[in-house]
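One structure is given here, and the rest of the page talks about it.
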C-alpha cells in the first residue's frame with residue numbers, strides 16, 4: 175500500500191468525509207491521491223479560511239483536515255492552527271513539500287524560507303504532534319502516532335509529506351504504533367476524595383468548560399447534573415456544553431461580567447466541580463471571579479486537582495465516568511432559582527445590540543447552530559439560549575465565523591448555521607459566502623454593521639484607526655450569489671430573520687446599529703478590562 179492511500183484510508187476510518195484546502199504545486203500529488211481515494215476537498219479562497227473551516231468541522235466531528243502547499247500555503251495558515259491549539263480543536267494539517275531526494279542546501283526550491291525544516295519547526299509550536307514523512311519504512315507509524323495524539327489530546331497535528339513520498343510504497347514490516355496504556359494510579363483515591371467533598375457540601379455547583387464538548391462528554395455532564403441535582407454554569411468558551419433550556423443550567427459565569435444571581439450561586443458555593451475548564455482571563459471576566467481555590471475540584475484532559483492535591487495521570491473522562499458509577503454520592507435538595515438581571519427597556523425603534531440578541535432568542539430553534547465571531551457578536555451572544563454554540567472565546571482571532579459555518583454545516587447538516595459577525599471581522603474572509611453558495615449551503619449571516627471595532631473602542635475611546643469603512647454588504651452578497659437585505663430597526667430585523675429562515679440558500683442581513691452602541695456583556699467586559707488598558711495607553 176502507498177503512503178497517501180494509507181493516510182486517507184485512516185482518515186476515513188476516523189470519520190472524515192471532506193477536507194478543506196487550497197492546491198499548490200508541492201501538494202498536487204497529495205490532492206490527486208485524495209481524489210483517487212474517493213474523498214473530496216472543499217477549496218476555499220484563502221488559507222486562513224481553510225484552517226477555520228477545518229477547526230469547526232473538527233469541533234463537531236472529532237477530526238478535521240486541512241490540506242495546503244509548502245511555505246506560502248502552510249505558513250499562511252499558522253494563526254488559524256494556533257487558535258485550534260489554544261482552543262483544543264482536533265484538526266490535522268497535511269502539507270505538501272519538496273521531494274526528499276532533491277533536498278540539498280544549495281538547491282533553492284521556491285516557497286522555502288530559512289531551511290527545508292523551517293516550516294516544520296514553526297508548526298511544532300502550534301501542534302501537539304508532528305512528523306515529516308521522509309522514510310516509507312516509518313510512515314505508517316508516524317501517521318498513526320500523530321492521528322492518535324490529535325484524537326486523544328484534542329489538539330492539532332501536522333504531517334509534512336514530500337512529493338516523492340506520496341506514492342511511495344509502505345514497508346509492510348515497518349514499526350506499528352500501539353497506544354500506551356494509560357496510568358490510572360490514584361483514580362480510586364481521587365474519586366473517594368471527591369465523594370467526601372460532595373458529601374460535606376451543602377451548595378455544590380458545576381462549572382463546565384470546553385473540554386466537555388471536545389472529548390464528547392456532554393451527555394455524561396448532563397447525566398451527572400441530573401443524578402446529583404447540581405446547578406451548572408458554563409464558561410464563555412464552554413457555552414452550550416449542557417442544553418441551555420435544561421433546568422440545571424443557570425447561565426454563563428464570567429466573574430463580574432456575569433449576571434448577579436449567577437455570580438452569587440458560583441461565588442457562595444462551598445464546592446465547585448470545575449469540569450474541563452481553564453481559568454483564563456476571558457473565562458473569568460478579567461480574573462474577576464471570586465472563587466476560592468480550596469473549594470475547587472478541577473478535572474481536565476491532563477490532570478485532576480482536588481483543592482491543592484494533584485493527580486497528574488487522571489483525566490476529565492475518568493472523573494465523569496467514575497462519579498456516574500458511584501452509588502454513594504449525595505443529591506442536592508433543591509436547585510437555586512436564578513433570574514437574569516433586568517435589562518433596560520428599548521429606547522426606540524433603532525436596532526441595538528441588545529435588541530439583536532433579544533430577537534435572536536425569540537427566533538432560534540433547536541435546528542439552529544450559532545457561530546459567533548470575535549467582538550461584540552461573541553460577547554453579546556452570552557445572552558442566547560443556543561442548542562449548539564461555537565465561538566473563539568479564548569484565543570480570540572477574528573475571521574472564524576463565515577468559513578467556520580461551512581465546516582459546521584458539512585460536519586452537521588442537521589443544524590443550520592446562524593452566523594454573527596462584526597463588519598470588521600466580515601471584511602477578513604466574508605467572501606467565503608461564495609464558497610457556501612457553490613456548495614449549496616444555507617447559513618444565515620448577520621453582519622453587525624456599526625462602523626467600528628466596537629470591542630477595542632469601549633476599551634479605549636473613539637479613534638480614527640478604530641473605524642471600519644462601510645461596504646455595501648448586501649450588494650457584495652448578491653454579487654457572490656447570495657441574497658440579503660439591510661435593516662436598521664428592530665422590527666425590520668425580526669422580519670428579516672423570518673425571511674431568512676425560509677430562504678433556500680445563503681441569506682445575509684446587514685444589521686445597522688449605532689457606532690456608540692454595545693451589548694450589556696461588552697459594557698461589563700469594558701469595565702473589567704478597560705481601566706488597565708487605558709492606564710497603559712496614557713502612561
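Numbering (the numbering used here), first residue to last: 175 to 713.
For glycine and all other residues, C-beta sits at the position ideal for the given N, C-alpha and C.
Small disclaimer: the values here were computed from a predicted structure and weren't measured.
Starting from residue i, follow its DSSP beta bridges and name the residues at the other end.
{"i": "residue 623", "result": "686"}
{"i": "residue 546", "result": "565, 594"}
{"i": "residue 445", "result": "378"}
{"i": "residue 216", "result": "194"}
{"i": "residue 483", "result": "480"}
{"i": "residue 269", "result": "242, 334"}
{"i": "residue 681", "result": "618, 657"}
{"i": "residue 306", "result": "334"}
{"i": "residue 663", "result": "524"}
Assign residue i to buried or exposed, taking buried as 16 or more other Cβ atoms, counted over all protein chains shown, within 10 Å of its Cβ.
{"i": "residue 535", "result": "exposed"}
{"i": "residue 445", "result": "buried"}
{"i": "residue 350", "result": "exposed"}
{"i": "residue 387", "result": "buried"}
{"i": "residue 691", "result": "buried"}
{"i": "residue 456", "result": "buried"}
{"i": "residue 370", "result": "exposed"}
{"i": "residue 207", "result": "buried"}
{"i": "residue 606", "result": "buried"}
{"i": "residue 427", "result": "buried"}
{"i": "residue 480", "result": "buried"}
{"i": "residue 240", "result": "buried"}
{"i": "residue 422", "result": "buried"}
{"i": "residue 186", "result": "exposed"}
{"i": "residue 575", "result": "buried"}
{"i": "residue 178", "result": "buried"}
{"i": "residue 523", "result": "exposed"}
{"i": "residue 712", "result": "exposed"}
{"i": "residue 209", "result": "exposed"}
{"i": "residue 337", "result": "buried"}
Which first and last residues belong to the beta strand (DSSP E) in which residue i is found?
{"i": "residue 472", "result": "470 to 473"}
{"i": "residue 332", "result": "331 to 336"}
{"i": "residue 424", "result": "423 to 426"}
{"i": "residue 408", "result": "406 to 408"}
Please work out which residues of its chain come closer than 6 Å, Cβ to Cβ, to residue i, disregarding the five sequence neighbours upstream and downstream, and give them in chain order.
{"i": "residue 233", "result": "263"}
{"i": "residue 205", "result": "197"}
{"i": "residue 704", "result": "633"}
{"i": "residue 664", "result": "525, 529"}
{"i": "residue 327", "result": "302"}
{"i": "residue 592", "result": "542, 544, 618"}
Can you give the beta carbon distance from residue i to residue j, rounded, assuming they're within the 8 Å contact cut?
{"i": "residue 436", "j": "residue 424", "result": "6 Å"}
{"i": "residue 619", "j": "residue 548", "result": "That pair is no contact at about 16 Å."}
{"i": "residue 544", "j": "residue 566", "result": "Residue 544 to residue 566, Cβ: 13 Å. No contact."}
{"i": "residue 215", "j": "residue 195", "result": "5 Å"}
{"i": "residue 344", "j": "residue 175", "result": "5 Å"}
{"i": "residue 391", "j": "residue 488", "result": "About 14 Å; that fails the 8 Å criterion."}
{"i": "residue 459", "j": "residue 431", "result": "4 Å"}
{"i": "residue 404", "j": "residue 379", "result": "6 Å"}
{"i": "residue 330", "j": "residue 399", "result": "Actually they are not in contact, since the Cβ atoms of residue 330 and residue 399 sit about 31 Å apart, beyond 8 Å."}
{"i": "residue 429", "j": "residue 462", "result": "3 Å"}
{"i": "residue 577", "j": "residue 218", "result": "6 Å"}
Going by beta carbon distance, what residues of the same chain come within less than 8 Å of residue i, once the five residues before and after it are set aside?
{"i": "residue 621", "result": "595, 596, 597, 600, 604, 647, 682, 683, 684, 685"}
{"i": "residue 184", "result": "317, 318, 321"}
{"i": "residue 292", "result": "286"}
{"i": "residue 251", "result": "221, 222, 224, 225, 240, 242, 267"}
{"i": "residue 640", "result": "626, 627, 630, 631, 634"}
{"i": "residue 419", "result": "559"}
{"i": "residue 442", "result": "377"}
{"i": "residue 531", "result": "554, 555, 557, 558, 693"}
If you follow the alpha helix (DSSP H) that residue i is in, where does it begin and where does it stop?
{"i": "residue 294", "result": "292 to 298"}
{"i": "residue 653", "result": "647 to 653"}
{"i": "residue 533", "result": "527 to 537"}
{"i": "residue 641", "result": "Taken as a continuous stretch (DSSP letters only), residue 641 belongs to no alpha helix (DSSP H), as it is neither H nor E."}
{"i": "residue 389", "result": "Where residue 389 is concerned, there is no enclosing alpha helix (DSSP H), given that its DSSP letter is neither H nor E."}
Any heavy atom of the ligand ZN closer than 7 Å to the CB of residue i?
{"i": "residue 450", "result": "Among the components modelled here there is no ligand, and therefore nothing to report on the ligand ZN."}
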